[in-house]
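These protein sequences, in sequence, are chains C and W.
Residues in the first sequence are numbered from 199 upward in steps of one, following this note's numbering.
Residues in the second sequence are numbered from 1257 upward in steps of one, following this note's numbering.
Where is the CB? At the ideal position from N, CA and C, for every residue including glycine.
Bear in mind that the values here come from a model prediction, so they are computed numbers and not experimental data.
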Amino acid sequence: MATAPLGGIGVSVPRKEDARFIRGKGNYVDDVQLPGMLFLDIVRSPYAYAKILAIHKEKTLAVPGVLAVITGKDLEAAKLSWMPTLMSDTQMVLPTDTVMFQGQEVVGVVATDRYAAADGVAAMEIDYEPMTPVIDPFKALDPGAPVLRTDKPGRKDNHIWHWEVGDKDGTAQALKESDVVIKEKIYIPRIHVSSIETCGCVAQVDSMGKLTVWLTTQAPHAIRTVFALVSGLPENQIRIISPDIGGGFGGKVPVYPGYVIAVVAALTTGHPVKFIEDRTGNLTSDSFARDYHIEAEIGATKDGRLTALRVKTLADHGYTDAAANPSKFPAGMFHVITGSYPFKKAFVEVDAVYTNKPPGGIAYRCSFRVTEAVHAIERLIDILAHQLKMDPAEFRLKNFIPPEAFPFPSVLGWTYDSGNYAGALKKAMEIIDYAGLRKEQVEKRKRGELMGIGISSFTEIVGAGPSKDFDILGIKMFDSAEVRIHPTGKVLARFGTKSQGQGHETTYAQILAEELGIPVEGISVEEGDTDTAPYGLGTYASRSTPTAGAAAVIAARKIREKGAKIAAHLLEVSPDDIEWVDHKFQVKGVPGKSKTMADVAFAAYTNHPQGMEAGLEAVDYYDPPNMTYPFGSYIAVVDIDKETGQIKTRRFVAVDDCGTIINPMIVDGQIHGGLTMGFAPSMLEEIQYDADGNNKATSFLEYLLPTAVETPHWETAKTTTPSPHHPIGAKGVGESATVGAPPAFVNAVVDALEPYGVTNIDIPLSSYKIWQAIHSKDPP
Amino acid sequence: MYPPNFEYYVPSTVEEAVGLLDQHQGDAKILAGGQSLIAMMKLRLAQPAILVDINRIPNLAYVREDDKFLRIGATTRTAELSRSTIVQARYPILSDAGREIADPIVRNRGTVGGNVSHGDPGNDLPACLLAMGAEFEIHGPKGIRTLPARGFYQDTFVTSVATNEMMTEIRVPRPGAGTGSAYSKMERKVGDFATVGVGARVVVDSSGKILNAGIGLTNVGPTAIYATAASDFLAGKTDSDAVLAQAAVLARDASAPSPDNRGPVDFKKDMVRIWTRRTLRKALDRAKGGK
Ligand SMILES: Cc1cc2nc3c(=O)[nH]c(=O)nc-3n(C[C@H](O)[C@H](O)[C@H](O)COP(=O)(O)OP(=O)(O)OC[C@H]3O[C@@H](n4cnc5c(N)ncnc54)[C@H](O)[C@@H]3O)c2cc1C
Chain C
199 MATAPLGGIG
209 VSVPRKEDAR
219 FIRGKGNYVD
229 DVQLPGMLFL
239 DIVRSPYAYA
249 KILAIHKEKT
259 LAVPGVLAVI
269 TGKDLEAAKL
279 SWMPTLMSDT
289 QMVLPTDTVM
299 FQGQEVVGVV
309 ATDRYAAADG
319 VAAMEIDYEP
329 MTPVIDPFKA
339 LDPGAPVLRT
349 DKPGRKDNHI
359 WHWEVGDKDG
369 TAQALKESDV
379 VIKEKIYIPR
389 IHVSSIETCG
399 CVAQVDSMGK
409 LTVWLTTQAP
419 HAIRTVFALV
429 SGLPENQIRI
439 ISPDIGGGFG
449 GKVPVYPGYV
459 IAVVAALTTG
469 HPVKFIEDRT
479 GNLTSDSFAR
489 DYHIEAEIGA
499 TKDGRLTALR
509 VKTLADHGYT
519 DAAANPSKFP
529 AGMFHVITGS
539 YPFKKAFVEV
549 DAVYTNKPPG
559 GIAYRCSFRV
569 TEAVHAIERL
579 IDILAHQLKM
589 DPAEFRLKNF
599 IPPEAFPFPS
609 VLGWTYDSGN
619 YAGALKKAME
629 IIDYAGLRKE
639 QVEKRKRGEL
649 MGIGISSFTE
659 IVGAGPSKDF
669 DILGIKMFDS
679 AEVRIHPTGK
689 VLARFGTKSQ
699 GQGHETTYAQ
709 ILAEELGIPV
719 EGISVEEGDT
729 DTAPYGLGTY
739 ASRSTPTAGA
749 AAVIAARKIR
759 EKGAKIAAHL
769 LEVSPDDIEW
779 VDHKFQVKGV
789 PGKSKTMADV
799 AFAAYTNHPQ
809 GMEAGLEAVD
819 YYDPPNMTYP
829 FGSYIAVVDI
839 DKETGQIKTR
849 RFVAVDDCGT
859 IINPMIVDGQ
869 IHGGLTMGFA
879 PSMLEEIQYD
889 ADGNNKATSF
899 LEYLLPTAVE
909 TPHWETAKTT
919 TPSPHHPIGA
929 KGVGESATVG
939 APPAFVNAVV
949 DALEPYGVTN
959 IDIPLSSYKI
969 WQAIHSKDPP
Chain W
1257 MYPPNFEYYV
1267 PSTVEEAVGL
1277 LDQHQGDAKI
1287 LAGGQSLIAM
1297 MKLRLAQPAI
1307 LVDINRIPNL
1317 AYVREDDKFL
1327 RIGATTRTAE
1337 LSRSTIVQAR
1347 YPILSDAGRE
1357 IADPIVRNRG
1367 TVGGNVSHGD
1377 PGNDLPACLL
1387 AMGAEFEIHG
1397 PKGIRTLPAR
1407 GFYQDTFVTS
1417 VATNEMMTEI
1427 RVPRPGAGTG
1437 SAYSKMERKV
1447 GDFATVGVGA
1457 RVVVDSSGKI
1467 LNAGIGLTNV
1477 GPTAIYATAA
1487 SDFLAGKTDS
1497 DAVLAQAAVL
1507 ARDASAPSPD
1517 NRGPVDFKKD
1527 MVRIWTRRTL
1537 RKALDRAKGG
1547 K
């Protein structure tokens, strides 16, 4: 283990990036100011589904300061009115004849300042012919439903794809033979990441024709490639710079129409063009998350052994599939749905449909549809336990995959790397005094008071991923590190990932400090500039530590190999006699005779052995051999006001296991943030549409983010079960809590409402839903 | 979220402000804390050509009590209202509400006059002022008039203040012995407008009989609502849970909520009932010397 002065693995080093963030000195896209810069604003559709009859530009062009108006027809001429999505579907940049959702980008207005651009938008007159939209995803599959994607030749319905995995017949048979089978419908609503910084870009074309785009992106390299493919510009003439990012959560993986329009505007006007979404544009048009209608059956023997799981899901993708899943997995990692349990039989099928809603299906702080999976399985386990009259904790402990079964092959095809599920749950039960709470609940029930206890014992799957299975648009999901040691022993390290607040500048530096024996202050980490950083697939799905973090270790170890030779030269021994001990190169068995990495670095530029290349640097492109499988157990305790349906979370204990912990403080920060982002959709967040396709949450007045006041007090603890295949045993941790928390809340609330015979309530757990659940049994 | 152009005036007297409003009838709007108006301008739901900023008119921000009234100057910040020790001691309905309006940032800017004048049924102070039987001082080109809170709210965003008038003072009658008041707000999160808000004032005699009462409701109709039948019903009744429950049903029947993301109509109506009962109880406890 590390010594504190180095700031290596296991040390709570203060975050390097915080010095600028907390002083308001971050450098975000909207901070980029260029001479002659113009501003883009966007006219959006008021209708969910309508024909565009005419676009009258005159009044807009007459607004002082407005220089250009860009329509779908203009883009069509340059073959840019459509672009590919990351799922190989197609998305309009701007429509030529039909709008597909309320809030869709319809016309771009370019002006000399932000206010003039908004005036130009307000002055725009567009004639629409509204059509009846398809809003209900089930009705979208009705034989008579209007076919939305008439742009696709030969399309006869709104069904996008069917995906299935598992043993269909065997599962049906196993369910038939089960003593107990329960079936439940669970809807995971449409939500939005709503990061504090909305999306945006500044596009500039220089005198040599090179395009530079400062962009709010989590995946700058992949985006450069997409830009090259879409625009036809040579990839070396495109530079994407992702500066500080104010939260991504999956919402900054896709390419949005506004980016492309800004680039077109920069190319046509010859001026740099800035586009920054306003909040309503962000909430109503950027990729949504979730929107899974799940119907699941789970079986068990009468003594409480799980037998089989069958899941049928309808995925509402809006008018195009603009999710950001690995190509091979259109429903992401949803088939991790067997969770922490050794099912022998399982079958999962997902059907995706088009509706008149914004596109998406991205992973809101979730590794590709894992939140949906965890929600379903952890709810089902609870319903089944109640049905069997078994305590839900006892039921889980009885059924968990045991620690000795790892690496564990799941029936749907994953190989869980390591785990100790009972260890985490028992720890959480002890911290919260589970037995005491159950006693209290019995007493409260006698008095008619509603108190509930909910458990979620989740298994995550992060760190995509092994190249044999994982790619996005064909690009394999490796990630990279490039490490250079300067003559004075200071380090510049660059990565293919991109932090959006996760603290990479600190964590990666700690990994390198540990591996190179150089103090963390002497290590600078850079990401996000495609002209300087090595190619990588970016940061999402908790993949940075499992992939680029591993690349850092391997690159550092390559440097140590060369370093050993230089040390041998300096110490006048054979390289075979050098070993790496206590963060130094030492002559085997002679502790006094050693060289530090700084000594070796200086020699690499001033006194390197004849015949050896000068310099001390290495690059690694890491292809992970497997995914990592963080896990944990959460327990929530709620009290419910019977008359009003208001829920108070009294306690919430979160025991997480993410393998080796690099920076405990950062891990705790990730858990706290993740729990809050799990709490938010559990209680408040939802995007709903009325029957006409009007979005009912177009600002933070209705898209409800929790504040510190409603957010529960989090009690966190850890167990540590290293990943056997990651070079330092680390897993990912950024999303565990978002993924794991929601079912704990729902299980607690449903547990409290057991006297009313309630088996499920869909999130968000609004007061009125609780009130309805109570009053449908017991009218006021 | 960018407003169109507007002209901006900063009068230094009430007369000057009213003069500007009169001169630009209909095109001009008063800018107080801006916490409702600027939000509406950014969404272009309001597009006044002229803003008359009243924040720099001296002597318009105060909370003081004389022998008849609690007097609140129009530009007093809502945060100040709940910080006032006079208000906390004798008009707790206002400090209750003051602490529940929006969030601290909005309360530091938003004014009592703006909150009362805006005519938003979701604003919390109107229900309190209806319950307390307050009155408003209005300056216009022809002089000063005084309007009672009851009857002031005509429709959503429509009050009895004309476009060339300005509210200068909010007056709450000084409570006599045996008065208690309280405000409760059910909200989804901090910063949210009420699902239901209930303001209650009660006066009891030494035997515990209710002499008179006032109940105001927030966000369950096109305007803040004075629950007349419920308030009148309580006069002369002896305090009991059954009496409060009956009054609560009457208040529920006075409400006319619309369905929205906060819930359907039957839920909201039931919440009026529940919160009326609870708020009356709190007000009665206070009338009898409790906190
Ligand atoms: C996020 C957010 C949440 C909110 N939540 C709540 C809440 O929960 N409860 C609540 O009560 N309020 C809430 N508000 C509104 C807030 O309290 C406002 O401050 C208040 O409604 C208006 O006061 P103001 O001083 O800001 O008025 P302004 O916004 O300046 O003006 C509002 C209107 O009143 C008129 N006006 C202002 N002063 C006068 C006057 N003296 N005479 C005549 N007309 C005048 C203006 O012309 C304008 O039409 C919220 C606001 C925000 C931004």
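Excluding the five sequence neighbours on either side, which residues of its own chain have a C-beta within less than 6 Å of the C-beta of C/Asp442, listed in chain order?
Counting only Cβ-Cβ distances below 6 Å, and skipping sequence neighbours, we find Gly224, Asn225 and Tyr226.
Helix, strand or coil: which one does DSSP assign to C/Trp361?
Strand.
Nearest to W/Ser1487 by CA position, among W/Met1388, W/Pro1267, W/Ala1335 and W/Val1266, is which residue?
W/Met1388
Assigned secondary structure, C/Ile438 (DSSP; H/G/I helix, E/B strand, else coil)
strand
If we count the other Cβ atoms within 10 Å of its Cβ and call it buried at 16 or more, is W/Thr1332 buried or exposed?
buried
Would you call C/Met406 buried or exposed, if buried means 16 or more other Cβ atoms sit within 10 Å of its Cβ?
exposed
Host alpha helix (DSSP H) of W/Gln1281 (start-end):
Note, W/Gln1281: premise wrong, no alpha helix (DSSP H); not H, not E.
Using a beta-carbon distance below 7 Å, is C/Tyr313 in contact with chain W?
For C/Tyr313, the answer is yes, since a Cβ of chain W falls inside 7 Å of its Cβ.
Here's a check: name, in chain order, each residue in its chain whose Cβ is nearer than 7 Å to the Cβ of W/His1395, leaving out the five neighbours to either side.
Val1270, Val1274, Glu1421, Met1422 and Thr1424
Taking a contact to mean a Cβ-Cβ separation below 7 Å, would you say C/Leu481 touches W/Arg1444 in this structure?
no
Using only the alpha-carbon positions, how far apart do W/Asp1323 and W/Tyr1347 sit?
14 Å
Secondary structure at W/Ser1241, three-state DSSP: helix, strand or coil?
One cannot answer for residue 1241 of chain W here, as it falls past the ends of chain W, which runs 1257 to 1547.
For C/Ala622 and chain A, any beta-carbon pair shorter than 7 Å?
In the displayed structure, chain A is absent; the protein chains listed are C and W.
Contact set between C/Thr478 and chain W, taken where Cβ atoms lie within less than 9 Å
Met1257 and Leu1299
Chain W contacts made by the segment 958-970 of chain C, where a contact means CB separation under 8 Å
Ser964, Ser965, Tyr966, Trp969 and Gln970
Counting only Cβ pairs nearer than 9 Å, list the residues of chain W close to C/Leu882.
Arg1444 and Lys1445
Let me see if you follow: with CB-CB separation under 7 Å, is W/Ile1530 close to chain C or not?
Contact of W/Ile1530 with chain C is assigned, a C-beta pair being separated by under 7 Å.
Who pairs with W/Thr1367 in a beta bridge, going by DSSP?
W/Arg1333.
Of all Cβ atoms in chain W, is any one closer than 7 Å to the Cβ of C/Leu902?
yes
From C/Leu735, C/Val209 and C/Ala895, residue whose alpha carbon lies closest to that of C/Gly694
Ranking the options by Cα distance to C/Gly694, first place goes to C/Leu735.
Residues of chain C with a CB under 7 Å from the CB of W/Met1630: which are they?
Here chain W has residues from 1257 to 1547 only, and residue 1630 of chain W is not among them.
Residue burial classification, W/Arg1401 (beta-carbon count within 10 angstroms, cutoff 16)
exposed
If I measure Cβ to Cβ from C/Pro891 and keep anything under 6 Å in the same chain, skipping five residues before and after, which residues do I get?
Note that residue 891 of chain C is Gly in the sequence shown, not Pro. Within the same chain, C/Gly891 has close Cβ partners Ala246, Gln300, Pro331, Ile333 and Asn554.
Which residues, taken in chain order from the segment 313-332 of chain C, show a beta carbon closer than 7 Å to some beta carbon of chain W?
Result list: Tyr313, Ala316, Asp317 and Ala320.
Residue from C/Ala746, C/Phe829 and C/Thr858 with nearest C-alpha to C/Val937
C/Phe829
Pair within 7 Å by beta-carbon distance, C/Val785 and C/Val771
In this structure, C/Val771 lies closer than 7 Å to C/Val785 by Cβ.
Is the distance from the Cβ of W/Arg1327 to the Cβ of W/Arg1427 below 7 Å?
yes
What are the complete alpha helix (DSSP H) segments, minimum 4 residues, inside the segment 705-792 of chain C?
Runs found: 748-769.
C-beta neighbour in chain W for C/Glu952, strict 7 Å:
Judged by the 7 Å Cβ criterion, C/Glu952 is not in contact with chain W.
Does the distance from the CB of C/Ser538 to the CB of C/Phe473 come in under 7 Å?
no
Residue-chain proximity (C/Val391, chain W), Cβ-Cβ < 7 Å:
no
DSSP-derived helix/strand/coil call for W/Met1527:
helix
Taking the Cβ atom as the reference point for each residue, do C/Tyr706 and C/Val723 lie within a distance shorter than 7 Å?
For the pair C/Tyr706 and C/Val723, the CB atoms are nearer than the 7 Å cut-off.
Determine the DSSP secondary structure at C/His702, reduced to helix, strand or coil.
helix
Is the CB-CB distance between C/Met881 and C/Pro962 below 7 Å?
yes
Contact list for C/Val907 against chain W, beta-carbon separation under 7 Å
Val1446
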